[in-house]
Amino acid sequence: MYLLRELVLDITNRCPMLCLHCSANSTPYLTRFIPFEKATHIIEEAVALGLEIISFTGGEPLLHPQLLDMIRVAKYLGVSDVRLFTSGLMYDENKVAKPLDYETAKRLRDAGLDKAFFNLQGASPKIHEAISLTPRSFDAVVKGSRLLKKLDVYVGLHFVPMKLNWRELPHVVSLAKELDVDEVGVLRFVPQGRGLYNRQILELNPDEFKQFLEMLAELIRRDGKPYIRLGCPFNPIAELIPGWRVKRCPAADEMCHILIDGTVAPCSAFKYNKQMSGGNIYSQSLTQIWRRGFTEFTGTRSRLAAEYSCTAQKLISHRFEVITQ
Numbered sequence: 004m005y006l007l008r009e010l011v012l013d014i015t016n017r018c019p020m021l022c023l024h025c026s027a028n029s030t031p032y033l034t035r036f037i038p039f040e041k042a043t044h045i046i047e048e049a050v051a052l053g054l055e056i057i058s059f060t061g062g063e064p065l066l067h068p069q070l071l072d073m074i075r076v077a078k079y080l081g082v083s084d085v086r087l088f089t090s091g092l093m094y095d096e097n098k099v100a101k102p103l104d105y106e107t108a109k110r111l112r113d114a115g116l117d118k119a120f121f122n123l124q125g126a127s128p129k130i131h132e133a134i135s136l137t138p139r140s141f142d143a144v145v146k147g148s149r150l151l152k153k154l155d156v157y158v159g160l161h162f163v164p165m166k167l168n169w170r171e172l173p174h175v176v177s178l179a180k181e182l183d184v185d186e187v188g189v190l191r192f193v194p195q196g197r198g199l200y201n202r203q204i205l206e207l208n209p210d211e212f213k214q215f216l217e218m219l220a221e222l223i224r225r226d227g228k229p230y231i232r233l234g235c236p237f238n239p240i241a242e243l244i245p246g247w248r249v250k251r252c253p254a255a256d257e258m259c260h261i262l263i264d265g266t267v268a269p270c271s272a273f274k275y276n277k278q279m280s281g282g283n284i285y286s287q288s289l290t291q292i293w294r295r296g297f298t299e300f301t302g303t304r305s306r307l308a309a310e311y312s313c314t315a316q317k318l319i320s321h322r323f324e325v326i327t328q
């Protein structure tokens, strides 16, 4: 039986931003929050299945009133790596978006937060906010990153190359050095949520993706700080970097993603593909789902010979329907 090493948990679908590529389709007007008791039970089950890493996401997890309690529970139960995926924006008492403040950052650190990953889609407000559609969201990333670094929290930036921003990567890496963050995670665009609606204006064509890979390979060859992290969706870079170690697809083997409606997806790239879902934590236990729920997904991966590539990207390239709404 595979160990569930990593869990991504949506705790709300609300977010102050309206990013063009948002796979969760989050907006400031949605109001769903996972109950604290349910989140606690999920974490307890996941720990029994071998959990080492939990990532709280959304929506914007900073908006959940019991986020700190969830972090404390995860640390109390022995989760070694507790992460936050964030825009760096929260709400003030009047429900107006504002950047993460020092008091909240310190409470996050004191609760046991190990790592924070900020969504950054450009090295300037002009580019980042053309994608986030949210004024001052760039400043929120810069401020939040600096605050948490000063508090000795590991900080990363998440960058998704799209038509509007792919040439920005060298500048994002330079900004990351200036901010002294620990890593830049480069993520593949997946056409789901608002990303599906905006696919034509966002998705790189083959020539653009080739140019981006060449740029990315050159940045990696420099071998400096920050660390540039790639997952299996970027395994094609092995053709450009001799000795590059390709990554296995971890979906449903050692990780899964629980959506705000309770759907358990094999990874974040399959949020809306119900056929690949393992089940729902509101009708089944996480243990049942993990042990028996992903036969369709693992069978598809086997048929596509995708163990050492990204199953989602392979489905897209084979013109399968990845998104079923």
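Everything in the sequence shown is counted per the working numbering, starting at 4 for the first residue and increasing by one.
Think of the CB as a built atom: it goes at the ideal place given N, C-alpha and C, for glycine as much as any other residue.
Predicted model, so just to flag it, every value in this text is computed and none were measured.
Inter-residue spacing [alpha-carbon to alpha-carbon] between residue i and residue j
i: E40; j: D104; result: 27 angstroms
i: E324; j: D72; result: Its pLDDT being 41, under 50, E324 is placed unreliably by the model, and nothing is read from it.
i: T15; j: E63; result: 7 angstroms
i: R224; j: H44; result: 44 angstroms
i: A220; j: N97; result: 46 angstroms
i: S280; j: A77; result: 25 angstroms
i: R322; j: F121; result: Summary for R322: the model assigns pLDDT 45, below 50, so the residue's position carries little reliability; its value from the coordinates is reported in the next sentence. Looking at the two C-alpha atoms, the distance is approximately 31 angstroms.
i: W247; j: L116; result: 31 angstroms
i: R8; j: G53; result: 6 angstroms
i: Y32; j: C18; result: 8 angstroms
Distance between beta carbons of residue j and residue i, contact taken as under 8 angstroms
i: L136; j: K166; result: Wrong, their Cβ atoms sit about 16 angstroms apart, outside the cutoff.
i: G91; j: K129; result: Not confirmed; about 18 angstroms, so no contact.
i: L123; j: V156; result: Not a contact, Cβ separation roughly 16 angstroms.
Start-to-end residues for the alpha helix (DSSP H) that takes in residue i
i: L71; result: 70–79
i: P107; result: According to the sequence as given, residue 107 is Thr; it is not Pro. Looking at the DSSP string, the run of the alpha helix (DSSP H) that includes T107 is 105–114.
i: K118; result: Unbroken run through K118 is the beta strand (DSSP E), 118–122; no alpha helix (DSSP H).
i: A337; result: With the chain covering only 4 through 328, there is no way to say anything about residue 337.
i: P209; result: 209–224
i: Y5; result: Segment: none, Y5 is in no alpha helix (DSSP H) and carries neither H nor E.
Extent of the continuous beta strand (DSSP E) run through residue i
i: F300; result: Here F300 belongs to no beta strand (DSSP E); instead the alpha helix (DSSP H) covers 298–306.
i: G159; result: 157–162
i: R86; result: 84–89
i: D13; result: 9–13
Assigned exposure category for residue i - 16 Cβ within 10 Å defines buried
i: L6; result: exposed
i: D185; result: buried
i: N201; result: buried
i: T327; result: Reliability fails at T327, whose pLDDT of 35 lies under 50, so the model's placement of it is uncertain and no value is given.
i: N28; result: buried
i: V193; result: buried
i: Q278; result: exposed
Beta-carbon proximity check, residue i vs residue j, cutoff 7 angstroms
i: R197; j: P236; result: no
i: F215; j: P164; result: yes
i: G61; j: D95; result: no
i: I74; j: A114; result: yes
i: V189; j: F212; result: no
i: A126; j: V175; result: yes
i: F300; j: A255; result: yes
i: A119; j: V85; result: no
i: Y275; j: Q203; result: no
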